[in-house]
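Participant: Before we start, here is the structure in question, set down as structure tokens.
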């Protein structure tokens with residue numbers, strides 16, 4: 003059963019940060035599904051989370067694994083995921099500096115969501131392009147779904 007709207011008003015906040023900063027008497031709609039979609043709505047965030055579900059990554063690793071993401075979008079998405087409490091950023095006091103990204107407990111709690119998206123996508127693509135699934139998705143799915 004899906005959660006219902008908690009309060010009717012002008013619409014959901016676009017990010018978790020906006021929800022935290024709203025005044026107590028400001029009208030809005032709090033729909034858990036809408037808030038989740040708003041938090042993960044970037045084309046890249048789910049793919050970043052997918053990679054971090056495999057383990058801690060450095061920036062350059064994410065840049066290589068998340069095909070097509072620009073430096074600007076990767077940086078922006080990581081900052082937003084960190085601000086929303088889904089990703090942790092750890093800076094090591096070394097020269098040259100080393101920065102690693104990992105999922106927080108809240109970020110890791112998205113594993114079943116990513117697994118369902120992956121399963122749906124695999125099923126969809128199998129019906130449309132079986133060769134594509136066999137060559138591209140199998141290894142990624144094994145790492146995530148395990």
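Numbering (this note's numbering), first residue to last: 3 to 148.
No residue lacks a Cβ here, since even glycine has one placed at the ideal position from N, Cα and C.
This one's a predicted model, so the numbers in the text were calculated from it and none came from an experiment.
(1) Per the contact definition of three or more C-beta pairs closer than 8 Å, is the stretch 48-55 in contact with the stretch 94-102?
(2) The beta strand (DSSP E) that contains residue 53, what's its start and end?
(3) Is the separation between the beta-carbon of residue 102 and that of residue 35 shorter than 8 Å?
(4) Are three or more beta carbon pairs between the stretch 76-85 and the stretch 116-124 nearer than 8 Å?
(5) Residue 102 by DSSP, collapsed to three states: which one?
(6) Quick one: Cα of residue 87 to Cα of residue 79, how far?
(7) Determine the direct distance from the alpha carbon of residue 40 to that of residue 56, and round the result to whole angstroms.
(8) How many angstroms separate the CA atom of residue 75 from the CA atom of residue 65?
(9) Helix or strand or just coil, what does DSSP make of residue 97?
Facilitator: Looking at the atomic coordinates:
(1) No, because fewer than three Cβ pairs between the stretch 94-102 and the stretch 48-55 fall closer than 8 Å, the two stretches do not touch.
(2) For residue 53, no beta strand (DSSP E) run applies; the uninterrupted alpha helix (DSSP H) run containing it begins and ends at 47-54, by DSSP.
(3) Using a Cβ distance threshold of 8 Å, residue 102 and residue 35 do not count as a contacting pair.
(4) A contact is defined here as three or more CB-CB pairs under 8 Å, and the stretch 76-85 fails this definition with respect to the stretch 116-124.
(5) Here residue 102 sits in strand by DSSP.
(6) Whole-angstrom Cα-Cα distance: 12 Å.
(7) C-alpha separation (whole angstroms): 24 Å.
(8) Their Cα atoms are separated by approximately 10 Å.
(9) Annotated three-state conformation of residue 97 is coil, per DSSP.
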